[in-house]
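*Asks:* Would you mind keeping the following structure in view while I ask a few things?
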Amino acid sequence: MKKIAESVLALLNKDEAAIKAAMIKSDNGISVYADSVHKLGNAVVMMARDEEKRFIIVVADCGKDMPCGFEGETIQLADGGVALKGDLTAENAAALRKHFPWCAPRSLRNERTTIGCGDRLGLASFGHIKAARKVQAYPVLAQQSMRELTMTKRTFRQVVDDACFMVYAADYRDGYGADGDHLKTIPDIDVALAAGMAMITLDLSEVMNAAAGDWDKAAIEAAFAEFPADFRKRIMDDYAGKKFVLGEVAVDIDELTAKRCAVMYTAALDFAHKVYEHLKAARGDEFDLEISIDETTSPTLPSHHLFIVRELRFRKVEFSSLAPRFIGEFQKAIDYIGDLAEFDRQFKVHALIAQNYGNYKVSVHSGSDKFAVYPTVGRETRHYLHLKTAGTSWLVAVTVIAENDAALYRDMHKCALANFNDMLKLYHITADINKIPAVDTLSDAELPALMDMPEARQLLHITYGPILCGELRERFFKAMHKFEAEYEAALEKHFDKHLTLLGVPAK
36 MKKIAESVLA
46 LLNKDEAAIK
56 AAMIKSDNGI
66 SVYADSVHKL
76 GNAVVMMARD
86 EEKRFIIVVA
96 DCGKDMPCGF
106 EGETIQLADG
116 GVALKGDLTA
126 ENAAALRKHF
136 PWCAPRSLRN
146 ERTTIGCGDR
156 LGLASFGHIK
166 AARKVQAYPV
176 LAQQSMRELT
186 MTKRTFRQVV
196 DDACFMVYAA
206 DYRDGYGADG
216 DHLKTIPDID
226 VALAAGMAMI
236 TLDLSEVMNA
246 AAGDWDKAAI
256 EAAFAEFPAD
266 FRKRIMDDYA
276 GKKFVLGEVA
286 VDIDELTAKR
296 CAVMYTAALD
306 FAHKVYEHLK
316 AARGDEFDLE
326 ISIDETTSPT
336 LPSHHLFIVR
346 ELRFRKVEFS
356 SLAPRFIGEF
366 QKAIDYIGDL
376 AEFDRQFKVH
386 ALIAQNYGNY
396 KVSVHSGSDK
406 FAVYPTVGRE
416 TRHYLHLKTA
426 GTSWLVAVTV
436 IAENDAALYR
446 DMHKCALANF
456 NDMLKLYHIT
466 ADINKIPAVD
476 TLSDAELPAL
486 MDMPEARQLL
496 HITYGPILCG
506 ELRERFFKAM
516 HKFEAEYEAA
526 LEKHFDKHLT
536 LLGVPAK
């Protein structure tokens, strides 16, 4: 490292481009990420890696020119110069955000197309950024749910910091998001906000009365009668027997549907308003609120979608995106299951509702690898959309392991099988894993093809927690560090496919 630092020290009087061009970028097993070299006063800050890990290097003309906030081991250089080598700690991430504000996540509420990139490893942003740079879309690089945090033993702060370091190393200045995904309580939201997450996906599944979707008329009438008289009058006046024309289609709401919607959603909508006011007090206008109503067993009817957005507008809740529960199966890790023609017909109505009530983004959850519906989603939303992916980046990592470290993949596969039934308690999939060939009967060359098999993809998708937090953890992360370039290239290719099928315009 010393040779790298001294080469930078000798160039400190040059501009940033000249330093990047002339400095030594590798020495004794250490290599600098070329795009990470940034001048800061009489200092240069950069990221590098060796065979074991990534780290920050700061080189300054003298001790007093060392930028504040960075921590690590200091090394004395020639002529009074000093270098610092620091691990990728929370303190060093905070220092990057202080000195290079574009390293912090921001609100993407005014951006037309956003892609949730769900990085469970803290290693995927290089590939995500490479794909995003080609198109008119903005990545949400830091996105995790409480379930994922529990399964990976990470925190929201670590998720944001991991993205921050990779954004800095890639010199990505277009802006990225950070999503506290599927949060249900204000305390959990506050933890995400404290970590700098500018997007909150509010999951209303536990405060909405989804069961009322199946109640008979008498039960709905009885529940509706419990609301205050002025509320009941407004609902009847605004919805009962009304036809809402949305361009070439119309949505009819009869009296019973109006009452059913009130019974199903009023408590949830009131909670959404409470959360909105809380977010506004915490961040002003610098946040993205996504309303999630997709965690239900029944598809969101267009009449219900329309009721929800009108009631959110009535409460003056400003939201960036809304995730209905679409018809068909959006299972993890595999393509859409269902009638594509019917999906197209219904999705068009959902998109028209969004276009007529504020042009918010329609959000597609469990959007990983739903290639069959992407053309419809892109076309009908006119790219006012948020696509949420999660496990697909993890499965790309699994594929890279299968291609490059067969012994590790075999152990991961066996760990997945051992934990599959426990993970079924957390994830809904219908994979018949008995169709997966016994891994010991396959040659090393045959292993990568398992990730083209739906049953094997779902097996590995839902068992990431035991793999990442068990005895395989150290081996896995060592391998991923070794195969960093392969992972970046595979992710770029995979997300290129997502974005191309969505029809996102190129830059």
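Residue numbers (my numbering): 36 to 542.
Backbone N, C-alpha and C fix where the C-beta goes; we use that ideal spot for every residue, glycine too.
Just list the residues that DSSP pairs His73 with in beta bridges.
*Replies:* Position 38 of the sequence shown holds residue 73. Answer is Val80.
*Asks:* Whose C-beta lies closer than 8 angstroms to the C-beta of Tyr173 among residues of the same chain, with five residues either side of it excluded?
*Replies:* Along the sequence shown, read from residue 1 onward, the residue named residue 173 stands at position 138. Closer than 8 angstroms at the Cβ level, and outside the excluded window around Tyr173, lie Leu143, Glu146, Thr148, Thr149, Ile150, Ala167, Asp209, Gly210, Tyr211, Gly212.
*Asks:* Between the alpha carbons of Asp196 and Lys517, how many angstroms are there, rounded?
*Replies:* As a working note, residue 196 is residue 161 in the sequence shown. As a working note, residue 517 is residue 482 in the sequence shown. Roughly 21 angstroms between the two C-alpha positions.
*Asks:* Pick from Ile164, Asp216, Met234, Leu112: whose alpha carbon is nearest that of Ser180?
*Replies:* Counted from its first residue, the sequence shown places residue 180 at position 145. The shortest Cα separation from Ser180 among Ile164, Asp216, Met234, Leu112 belongs to Asp216.
*Asks:* Could you check where the alpha helix (DSSP H) with Leu143 kicks off and where it finishes?
*Replies:* Position 108 of the sequence shown, counted from the first residue, corresponds to residue 143. No alpha helix (DSSP H) holds Leu143; DSSP gives it neither H nor E.
*Asks:* Taking the alpha-carbon positions, what's the Asp602 to Pro222 distance?
*Replies:* It is not possible to answer for residue 602, since the shown part of the chain is limited to 36 through 542.
*Asks:* Here's the rule: buried if 16 or more other CB atoms are within 10 angstroms of the residue's CB, otherwise exposed. What is Ser543?
*Replies:* As displayed, the chain neither begins before 36 nor continues past 542, which places residue 543 out of reach and without an answer.
*Asks:* Please say whether Val431 and His529 have beta carbons closer to each other than 8 angstroms?
*Replies:* For the purposes of this step, residue 529 is taken as residue 494 along the sequence shown, with counting starting at 1. For the purposes of this step, residue 431 is taken as residue 396 along the sequence shown, with counting starting at 1. Against a cut-off of 8 angstroms, the Cβ pair of Val431 and His529 comes out as a contact.
*Asks:* What residue from Gln493, Glu87, Asp100 has the CA that sits closest to Ala368's CA?
*Replies:* Against the sequence shown, residue 368 aligns to sequence position 333. Nearest option by C-alpha distance: Gln493.
*Asks:* Can you tell me the Cα-Cα spacing of Glu283 and Asn456, whole angstroms?
*Replies:* Stepping through the sequence shown from its first residue, residue 283 is reached at position 248. Stepping through the sequence shown from its first residue, residue 456 is reached at position 421. Roughly 47 angstroms between the two C-alpha positions.
*Asks:* Helix, strand or coil for Leu324 per DSSP?
*Replies:* Taking the sequence shown and counting its residues from 1, one reaches residue 324 at position 289. The answer is strand: DSSP assigns Leu324 an E or B state.
*Asks:* Considering only DSSP beta bridges, list what Met515 is partnered with.
*Replies:* Here residue 515 corresponds to residue number 480 of the sequence shown, with the count starting at 1. Looking at the DSSP assignment, Met515 forms no beta bridge with any residue, so it has no partner.
*Asks:* Would you please state the rounded distance, in angstroms, between the beta carbons of Ala451 and Leu495? I believe it to be under 8 angstroms.
*Replies:* Looking up residue 451 in the sequence shown gives position 416. Looking up residue 495 in the sequence shown gives position 460. So it is a contact: roughly 5 angstroms between Cβ atoms.
*Asks:* Do you know whose CA, among His533, Phe279, Tyr522, Pro489, lies nearest His421's CA?
*Replies:* For the purposes of this step, residue 421 is taken as residue 386 along the sequence shown, with counting starting at 1. Minimum Cα distance to His421 is reached at His533.
*Asks:* CA-CA distance, Pro472 and Lys405?
*Replies:* Your numbering for residue 472 matches position 437 in the sequence shown. Your numbering for residue 405 matches position 370 in the sequence shown. Distance between the alpha carbons of Pro472 and Lys405 is about 25 angstroms.
*Asks:* To the nearest angstrom, report how far apart Leu154 and Gly116 are at their CA atoms.
*Replies:* As a position in the sequence shown, residue 154 is number 119, starting the count at 1. As a position in the sequence shown, residue 116 is number 81, starting the count at 1. Reading off the sequence shown, one finds Asp at residue 154, where the question assumed Leu. So the two alpha carbons sit approximately 38 angstroms from each other.
*Asks:* How close, in whole Å, do the beta carbons of Cys199 and Gln178 come, if the pair is a contact with beta carbons under 8 angstroms?
*Replies:* Residue mapping note: residue 199 aligns to position 164 of the sequence shown, counting from 1. Residue mapping note: residue 178 aligns to position 143 of the sequence shown, counting from 1. Between Gln178 and Cys199 the Cβ distance is about 14 angstroms, and since that is not below 8 angstroms, they are no contact.
*Asks:* Counting C-beta neighbours from all protein chains within 10 Å, is the total for Pro136 16 or more, i.e. buried, or is it exposed?
*Replies:* As a first step, residue 136 is located in the sequence shown; it is residue number 101 there, counting from the start. The residue in question, Pro136, is exposed, as its Cβ has fewer than 16 Cβ neighbours within 10 Å.
*Asks:* Can the beta-carbon of Ile91 be found less than 8 angstroms from the beta-carbon of Val80?
*Replies:* Within the sequence shown, residue 91 is the residue found at index 56, counting from 1. Within the sequence shown, residue 80 is the residue found at index 45, counting from 1. Yes; because the gap between Cβ atoms is below 8 angstroms, this pair is in contact.
*Asks:* Quick one, which of Ala520, Asp249, Ile497, Ile468 has its alpha-carbon nearest Lys460's?
*Replies:* The residue given as residue 460 occupies position 425 in the sequence shown. Nearest C-alpha to Lys460: Ile497.
*Asks:* Assuming Tyr173 is part of the beta strand (DSSP E), what are its boundary residues?
*Replies:* Translated into positions along the sequence shown, residue 173 becomes position 138. First-last of the beta strand (DSSP E) with Tyr173: 173-180.
*Asks:* In three-state DSSP terms, what is Leu536?
*Replies:* Locating residue 536 in the sequence shown gives position 501, counting from the first residue. Leu536 falls in the helix class under three-state DSSP.
*Asks:* Let me check understanding here. Comparing Cα to Cα, which of Gly231, Gly162, Asp479, Tyr203 lies closest to Gln27?
*Replies:* This structure cannot speak to residue 27, because the chain is shown only from 36 to 542.
*Asks:* Thinking C-alpha only, which one of Gly319, Asp329, Leu336, Ala260 is nearest Asp287?
*Replies:* As a working note, residue 287 is residue 252 in the sequence shown. Closest option to Asp287, Cα to Cα, is Leu336.
*Asks:* Excluding five sequence neighbours on each side, which residues of the same chain lie with their C-beta closer than 8 angstroms to the C-beta of Asp479?
*Replies:* Sequence index remark: in the sequence shown, residue 479 carries index 444 (1-based). Hits under 8 angstroms: Ala441.
*Asks:* Between the Cα of Met243 and those of Phe279, Leu281, Ser327, Leu46, spot the shortest distance and give me the residue it belongs to.
*Replies:* If you number the sequence shown from 1, residue 243 lands on position 208. Comparing Cα-Cα distances from Met243 to each of Phe279, Leu281, Ser327, Leu46, the minimum goes to Ser327.
*Asks:* Quickly, what does DSSP pair Gln279 with across the bridge? List them, please.
*Replies:* As a first step, residue 279 must be located in the sequence shown, where it is residue number 244. With the sequence shown as reference, residue 279 is identified as Phe, and Gln is not the correct amino acid for it. Val286.
*Asks:* Determine the direct distance from the alpha carbon of Arg345 to that of Asp392, and round the result to whole angstroms.
*Replies:* For the purposes of this step, residue 392 is taken as the residue at position 357 of the sequence shown. For the purposes of this step, residue 345 is taken as the residue at position 310 of the sequence shown. For the record, residue 392 in the displayed sequence is Tyr; it is not Asp. Spanning the two alpha carbons is a distance of roughly 7 angstroms.
*Asks:* For Gly500, count the other beta carbons within 10 Å of its own beta carbon; 16 or more makes it buried, fewer makes it exposed. Which is it?
*Replies:* As a position in the sequence shown, residue 500 is number 465, starting the count at 1. The residue is buried, with at least 16 neighbouring Cβ atoms inside 10 Å.
*Asks:* Using DSSP with H/G/I as helix, E/B as strand and the rest coil, what is Gln366?
*Replies:* Within the sequence shown, numbered from 1, the residue matching residue 366 stands at position 331. Correct three-state label for Gln366: coil.
*Asks:* Just to confirm before moving on: does the CB-CB distance between Ala297 and Ile270 stay below 8 angstroms?
*Replies:* Here residue 297 corresponds to residue number 262 of the sequence shown, with the count starting at 1. Here residue 270 corresponds to residue number 235 of the sequence shown, with the count starting at 1. Yes, Cβ-Cβ distance for Ala297 and Ile270 is below 8 angstroms.
*Asks:* Go ahead and pull the three-state DSSP assignment for Asp206.
*Replies:* Counted from its first residue, the sequence shown places residue 206 at position 171. Here Asp206 sits in coil by DSSP.
*Asks:* Let's see if you can read the secondary structure: which residues bound the beta strand (DSSP E) around Phe90?
*Replies:* Position 55 of the sequence shown, counting from 1, holds the residue named residue 90. Phe90 -> beta strand (DSSP E) spans 89-95.
*Asks:* What are the start and end residues of the alpha helix (DSSP H) that includes Met101?
*Replies:* As a working mapping, residue 101 is identified with position 66 in the sequence shown. Looking at the DSSP string, Met101 is not in any alpha helix (DSSP H), and its letter there is neither H nor E.
*Asks:* For the beta strand (DSSP E) that His421 lies in, which residues bound it at each end?
*Replies:* Stepping through the sequence shown from its first residue, residue 421 is reached at position 386. Element bounds for His421: 420-423.
*Asks:* Buried or exposed: Arg360, going by 16 or more other Cβ atoms within 10 Å of its Cβ?
*Replies:* Taking the sequence shown and counting its residues from 1, one reaches residue 360 at position 325. Arg360 is buried by the Cβ-count criterion.
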